[in-house]
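Below: one structure, written as C-alpha cells.
There are 2 protein chains.
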Amino acid sequence: MLAAAWAVAREQGLAQLTLREVAERVGMRAPSLYSHFASKNAIYDAMYAQAWTELLEVGADSYENLPSELREALRMMAHTYFDFAVSDLARNQLMNQRTLPGFEPTPESYAPAVSALRMLSDTLEQHGVRGQEDVDLYVALIGGLVDSQLANDPGGDRWERLVDRAVDMYVDNLGIEDTGDADAITDRRREAP
Amino acid sequence: MLAAAWAVAREQGLAQLTLREVAERVGMRAPSLYSHFASKNAIYDAMYAQAWTELLEVGADSYENLPSELREALRMMAHTYFDFAVSDLARNQLMNQRTLPGFEPTPESYAPAVSALRMLSDTLEQHGVRGQEDVDLYVALIGGLVDSQLANDPGGDRWERLVDRAVDMYVDNLGIEDTGDADAITDRRREAP
DNA sequence: GCACAGTGCCTAACTGTGTTAGTTGAGCCG
DNA sequence: CGGCTCAACTAACACAGTTAGGCACTGTGC
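Chains X and A are the protein sequences, given in the same order.
Here the first sequence stands for residues 8 to 200, where the numbers follow our numbering.
Here the second sequence stands for residues 8 to 200, where the numbers follow our numbering.
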C-alpha cells in the first residue's frame with residue numbers, strides 16, 4: 008500500500024500522487040484507503056517516516072566501515088547521502104518537507120529524521136568533530152551541495168569535484184577553528200596531510 | 008492583481024493560494040483572472056519572475072557599496088540574500104521552484120534568475136573570485152546555510168555565527184586552492200589577514 | 001450616428017481530487 | 001445462531017482549476 012504510493016510518487020511525481028491512483032494499484036477504491044490512513048497527509052507522513060528510516064539503515068551500514076581518516080570519512084558520508092538522494096528523487100523531495108505544500112510531519116514521523124541527524128552527529132564526533140556548530144556547518148554545506156547538484160546537474164560530474172573541495176575546505180577550517188577539542192582533529196590531520 | 012496574489016501567498020502560504028481568493032481581493036470572480044493569465048501556473052510564473060527581479064534590484068543596490076576586502080564583501084552579500092529571503096518566506100519558497108509541485112518557470116521568467124546569478128558571479132569576479140567552480144561552491148554554501156537557517160531557526164542568532172565561519176572557511180580555501188588567478192585573492196588576504 | 005470588433009467581466013458548468021456518510025458482507029466470539 | 005468488528009464498497013459533497021458562452025462597455029471606420 009505504501010509501496011504503491013511510492014511507485015506512483017516515483018513515476019508521476021510526489022504532488023501528482025492521487026488517492027484513486029494508489030487505490031487502483033492495490034485493487035481498491037479511494038475511500039477504502041481511509042480504513043488505513045486518516046488522510047492523504049497521513050500517507051505522506053508514513054512515507055516521510057519510512058524514507059528517513061531507510062536513510063537511517065543505509066547510514067548505519069555505511070558508517071560502520073568508515074575510514075578513520077577524517078577527510079576520507081567525511082567524503083564517504085557525503086557520497087552516501089548523495090547516492091541515497093539521487094537514487095530516488097521523489098523520496099528526497101519528500102524528506103525536505105518544505106517541498107510539499109501543506110505537509111508537516113507529525114512528531115512521531117519526524118523521529119527517524121532526528122535519529123538520522125543524531126547518528127550523523129555521533130559519527131562526526133567519533134571522528135573528532137565536536138560541537139553543534141561544526142555539525143550544523145557540515146550539514147548545511149553538504150545539504151546545499153547536494154541540492155544544488157540535483158537541481159542543476161543531476162548525474163553530472165560536477166559533484167565529485169565540488170564535494171572533494173568542500174570537504175577539504177571544511178576540514179581545514181576545523182583545524183583552524185578552536186572547537187574546544189581540536190587535538191583529535193589536528194592529530195588526524197598530521198596522519199594524512 | 009499580482010499584488011493580491013502575493014498578499015494571499017504571504018498570509019496563507021503559497022500552496023493555499025486560490026484563484027477565487029485572489030479574484031475576491033481585486034473585486035472580481037475567479038474565471039475573470041483568465042482574461043489576464045492563461046492559467047494558475049502563469050500567475051506563479053509571473054510571481055517567480057517578479058521575485059527574482061526584486062532580488063536583482065536589491066542586489067544591484069547592495070552590491071554597489073561593497074567593501075573591497077573579500078571576506079567582508081562575501082559576508083555582506085550573504086547577509087543581503089538572507090535578509091531578502093527572510094523578509095518574505097513565501098517569495099523565497101517560490102524562488103526555489105522545486106518547492107511548488109508541477110510548476111516550472113518559463114524561460115522568460117527564468118531570465119531574471121539567470122541575471123541575478125550572473126550579477127553575483129560578476130561581483131564575485133570583481134573581488135578576485137574566479138572560476139565557475141568557486142562561484143558554484145559559494146552559491147551552494149550560502150544557499151545551504153540560508154535554507155538550513157530558515158528551516159531550523161528562523162530569526163535565531165545561529166545565522167550570524169555560522170555565516171561568519173562559512174565565509175572565513177570559504178576564503179581560506181580560495182587562498183589555498185589554485186583557481187587560475189589567485190594573486191588578487193592572496194593580495195587581498197594580505198591586506199586584512 | 002452607427003454597426004462592428006475587441007475587451008473585460010460575468011454566470012453556469014465541467015473535471016478532478018480529497019473527503020464523509022452510510023451500507024454491506026466476511027469473519028470471529030460469545 | 002446473534003451480534004460485533006473490520007475492511008471494503010457506493011454515493012455524494014466540497015472545493016479546486018478550468019472552459020463555454022453571453023453581456024456590457026469602448027473605441028474605430030464608414
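By construction, the Cβ of each residue, glycine as well, lies at the ideal position given by its N, Cα and C atoms.
Nothing from the region 72-95 of chain A brings a Cβ to less than 8 Å from some Cβ of chain X. Unbroken alpha helix (DSSP H) runs of no fewer than 4 residues, entirely contained in the region 133-189 of chain X, are found at 139-159 and 165-183, following chain order. In chain order, Gln100 place their CB closer than 7 Å to the CB of Thr106 of chain A, counting only its own chain and leaving out the 5 sequence neighbours on each side.
Going by beta carbons, Ala123 of chain A and Leu63 of chain A fall inside the 8 Å limit.
With a threshold of 16 other beta carbon atoms within 10 Å, His43 of chain X falls short and is exposed.
A contact between stretches requires three or more CB pairs, one per stretch, nearer than 8 Å, and the region 118-135 of chain X meets this requirement with the region 63-79 of chain X. With a threshold of 8 Å between beta carbons, Tyr55 of chain X makes no contact with chain A.
For His86 of chain X, the enclosing alpha helix (DSSP H) starts and ends at Leu77 to Val93. Within chain X, the C-beta atoms nearer than 7 Å to that of Thr106 of chain A come from Arg105 and Thr106, in chain order. Going by DSSP, Leu40 of chain A is part of no alpha helix (DSSP H) at all; its letter is neither H nor E. For Leu148 of chain A, the closest Cβ of chain X is nearer than 8 Å. The beta carbon of Ala97 of chain X lies closer than 7 Å to those of Ala16, Arg17, Gly20 and Leu21 in the same chain, with the five residues before and after it left out. Nearest in C-alpha terms to Val170 of chain A, of all of X:Leu127, X:Asp141, X:Val33 and X:Tyr55, is X:Asp141. Note that the C-beta distance between Gln156 of chain X and Arg168 of chain X is not below 8 Å. The beta carbons of Ala85 of chain X and Val174 of chain X sit about 7 Å from each other, so the pair counts as a contact at 8 Å.
For Asn99 of chain X, the enclosing alpha helix (DSSP H) has its first and last residue at Leu96 to Met102.
Pro112 of chain A is a Cβ neighbour of Gln104 of chain A, given a cutoff of 8 Å. Residue-level contact check: Ser155 of chain X touches chain A, since one or more beta carbons of chain A fall below 8 Å from its beta carbon.
With a 10 Å radius around the Cβ and a threshold of 16 neighbouring Cβ atoms, Tyr177 of chain X comes out buried. Between Gly138 of chain X and Leu77 of chain X, the gap from beta carbon to beta carbon reaches 8 Å or more. Taking a C-beta distance under 8 Å as the contact criterion, Ser39 of chain X and Ala49 of chain X do not qualify as a contact pair. Bounds of the alpha helix (DSSP H) holding Asn48 of chain A are Lys47 to Glu71. Selection A:Gln23, A:Ala147 and A:Asp90 evaluated against Gly163 of chain A yields A:Asp90 as nearest (Cα-Cα). The three-state reading of DSSP puts Val33 of chain X in coil, since its state is none of H, G, I, E or B. Separation of Lys47 of chain X and Leu26 of chain X (C-alpha to C-alpha, rounded to the nearest whole angstrom) is 7 Å. Residues are counted here when their Cβ sits less than 8 Å from a Cβ of chain A; for the region 168-184 of chain X these are Arg168, Leu169, Arg172, Ala173, Asp175, Met176, Tyr177, Asp179, Asn180, Ile183 and Glu184, given in chain order. Taking every protein chain shown into account, the CB of Asp154 of chain A has 16 or more other CB atoms within 10 angstroms, so this residue is buried.
Residue range Leu9 to Gln19 is occupied by the alpha helix (DSSP H) that includes Leu9 of chain X. Not a single CB atom of chain X sits nearer than 8 Å to the CB of Gln19 of chain A. Per the C-alpha coordinates, the member of X:Leu127, X:Tyr55 and X:Leu144 positioned closest to Leu73 of chain X is X:Leu127.
The three-state secondary structure of Pro108 of chain X, taken from DSSP, is coil.
Chain X has a Cβ within less than 8 Å of the Cβ of Leu152 of chain A. Taking 8 Å as the cut-off, the beta carbon of Ala11 of chain A is found closer than this to the beta carbon of Val33 of chain A. Within the region 16-46 of chain X, those residues whose Cβ lies closer than 9 Å to any Cβ of chain A are, in chain order, Gly20, Leu21, Ala22 and Gln23.
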